[in-house]
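Residue numbers (the working numbering), protein chains in the order written: chain V, 248 to 364; chain B, 119 to 233.
Structure first, commentary second.
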């Protein structure tokens, strides 16, 4: 089945640091990638949608200058949390979907737990 | 915009008990419906999906779900749960006729199966 690899799985860093999270589709071309954020005991909240080669579309309330998304190839998208602060601590999950209409299922990475001290 | 409600936050069952997890969505148009499972420490995995056709959908590991359009529901069922079914279950929806739309998730239901 389709595999999405997300790296790193856990990051602990000091406040003010920028952190980059990678999301790779290993055996399919991910024309669309989604970035979600999950708080403890809560649902996945969509942060942004990115199509390969285009600028990401951010959900309302998500700061695009804070959460930089790059989707330069069909197999790689990155999320950079710039100047991270403790309130950015969360579980970040990427998801990828292949070409075609929205009937294609979304495949998920293992997530990245970000802890800002 | 679509939204999803999962009414049960935490369900505790004994092994061999039957399971039904509720899911209701709000959207007046055509929808695709999904159930995902997240085992402890693992990523989300697709259990089953409904696009069209037979409203009773069978998925992996003995799970099934029934789409009832009039009730805007897509409840997940399993006749006999096992300890290994302990996980978080998420219902999700998207609107395929509205472009390249992402999945919108419910808050999830934690299932604990005890021996």
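Ideal Cβ placement from N, Cα and C applies to all residues, glycine included.
C-alpha gap between residue i and residue j, whole angstroms
i: residue 141/B; j: residue 124/B; result: 5 Å
i: residue 207/B; j: residue 139/B; result: 9 Å
i: residue 223/B; j: residue 261/V; result: 31 Å
i: residue 326/V; j: residue 333/V; result: 17 Å
i: residue 264/V; j: residue 295/V; result: 21 Å
i: residue 301/V; j: residue 329/V; result: 20 Å
i: residue 291/V; j: residue 342/V; result: 11 Å
i: residue 121/B; j: residue 143/B; result: 6 Å
i: residue 320/V; j: residue 298/V; result: 9 Å
i: residue 228/B; j: residue 191/B; result: 19 Å
i: residue 186/B; j: residue 212/B; result: 16 Å
i: residue 356/V; j: residue 221/B; result: 15 Å
i: residue 176/B; j: residue 133/B; result: 21 Å
Outcome for residue i when other beta-carbon atoms lying within 10 angstroms are tallied against a minimum of 16
i: residue 278/V; result: buried
i: residue 127/B; result: exposed
i: residue 148/B; result: exposed
i: residue 273/V; result: exposed
i: residue 215/B; result: exposed
i: residue 318/V; result: buried
Identity of the residue in the options nearest residue i by Cα
i: residue 231/B; options: 137/B, 121/B, 119/B; result: 137/B
i: residue 178/B; options: 166/B, 120/B, 215/B; result: 166/B
i: residue 203/B; options: 185/B, 157/B, 148/B; result: 157/B
i: residue 173/B; options: 211/B, 151/B, 162/B; result: 151/B
i: residue 365/V; options: 336/V, 307/V, 352/V; result: Past the edges of chain V, shown from 248 to 364, lies residue 365/V, and the structure says nothing about it.
i: residue 344/V; options: 360/V, 303/V, 322/V; result: 322/V
i: residue 283/V; options: 361/V, 338/V, 351/V; result: 338/V
i: residue 170/B; options: 164/B, 180/B, 184/B; result: 184/B
Where the beta strand (DSSP E) through residue i begins and ends
i: residue 253/V; result: 251-254
i: residue 191/B; result: 191-196
i: residue 317/V; result: 314-320
i: residue 282/V; result: 279-285
i: residue 142/B; result: 142-144
i: residue 201/B; result: No beta strand (DSSP E) holds residue 201/B; DSSP gives it neither H nor E.
Residue i beta carbon near the ligand MG (any heavy atom closer than 8 Å)
i: residue 338/V; result: Only the bare structure without any ligand can be found here, which leaves the ligand MG out of the picture.
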